[in-house]
Amino acid sequence: MRLRKQETKMDLLKQTYPDISDDIADKLHMVKISKKGLARIQLKDKSWIIDKGGKIHVFGPWSEDNHIVARVLADSKDCEIEVHETSCQIAHSPAGTEKSLQERLNWWKDNGAETLTATENGIWISWHGTYFFDQGNSLSIYEPITDEAIKVMVETAKERWCGRVEIFGDEDFKQRYWAEAERQGVKVVNYEPPEKFKLEQELGLNQDIRLFLIELSKTGSFAKARDRKTLPPDIEKSIEVLHSCKSNPLGDLEIVFDNTIKAKKFDYISFINKEILKINDVNKQHIINNLNQEISNTFTFR
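First residue of the sequence shown: 47, per the working numbering; consecutive thereafter.
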């Protein structure tokens, strides 16, 4: 029976790659052929080989088995091999918050996945040129690691893992992930970047706030300001509170920030935090409740 299964997999492959050798049969775990006649192969060593864009792509640690299979396919098509080493992995915390397989498939469909392949160990996702492997309570990313790919990784932790996450990988990845997590209000529980990096991020955040406030001053619209610059949720909420608190000395932001938004070197973060402290706690809570009610009304399900 096992031999027959391997023969079936080889028969599938030979429909597209007629010249390949049967010697690779014992290395195959799963074979899928797309409507365009392109192969997606999982090997027994858990690596993947995908025929896409005129190249044979290898995902996972470079091994003897995937080297042999990739070379056989590449020789059959007379094309190049591209290896994508796994670069980093994130694991959520706390435990027990992972979604079911169908819920995860739906989540990726809703978030722009191009192709999804479910296996017994997890889901392979092709997303705007980057590949992910989603195991429910962990998510691996394969190069290229773009800013947009990191953003969707953080969204995974925010929406599926209670906004808390552990990250593993090289320093560059961890710094980039941490910075995006700060923007989205996700807590990284096992990593803190160097102070120099934090200072650079704070300076960058101050400039983001400045651009946000400039747009808000011009249009009076939080939606348009948000289109120009995305701020961390707590910072944006503070600005909303100040903007809504007519009794506060701040008044209208376009007047209060008239001079400060022109200054590129200004500590907006400290300024906003100090002004928030001036607001009476009861009044502040009343404003926050009103804002939350407005948001709830805006996104009422029909």
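Think of the CB as a built atom: it goes at the ideal place given N, C-alpha and C, for glycine as much as any other residue.
Rounded to whole angstroms, the separation of the alpha carbons of residue 93 and residue 162 is 16 angstroms. Only residues of its own chain outside the window of five on either side were considered, and among them 91 and 93 have a CB closer than 7 angstroms to the CB of residue 109, listed in chain order.
DSSP lists no bridge partner for residue 56. For the 9 angstroms CB-CB criterion, residue 176 and residue 189 form a contact. Three or more beta-carbon pairs separated by less than 8 angstroms are not found between the segment 234-244 and the segment 258-267, which leaves the two stretches without contact.
Spatial neighbours of residue 194 in its own chain (CB-CB distance under 7 angstroms, excluding positions within 5 residues in sequence) are listed in chain order as 174.
Shown here, residue 154 sits in a helix according to DSSP, grouped into three states. Under the DSSP assignment, residue 205 falls in the alpha helix (DSSP H) whose first and last residues are 193-206. DSSP, reduced to helix, strand and coil, places residue 115 within a helical segment of the structure shown. Within the same chain, no residue comes within 7 angstroms of residue 99 by CB-CB distance, once the 5 residues on both sides are set aside. Annotation for residue 188: the continuous beta strand (DSSP E) segment containing it runs 184-188. For the pair residue 228 and residue 247, the CB atoms are nearer than the 9 angstroms cut-off. The count of Cβ pairs closer than 8 angstroms, one atom from the segment 149-158 and one from the segment 114-125, stays below three, leaving the stretches out of contact. Secondary structure at residue 315: helix, using DSSP grouped into helix, strand and coil. Out of 199, 315, 56 and 54, the CA that lies nearest to the CA of residue 230 is found in 199.
Around the beta carbon of residue 67, fewer than 16 other beta carbons sit within 10 angstroms, so the residue counts as exposed. Distance between residue 115 and residue 85, taken at the CA atoms: about 12 angstroms. According to the DSSP assignment, residue 162 belongs to the beta strand (DSSP E) that extends over 161-164. In terms of Cβ geometry, residue 182 and residue 233 do not form a close pair [threshold 9 angstroms]. For residue 212, the enclosing beta strand (DSSP E) starts and ends at 210-215. Residue 249 sits in a helix when the DSSP states are folded into three classes. Residue pairing of residue 85 in beta bridges, as defined by DSSP: 79.
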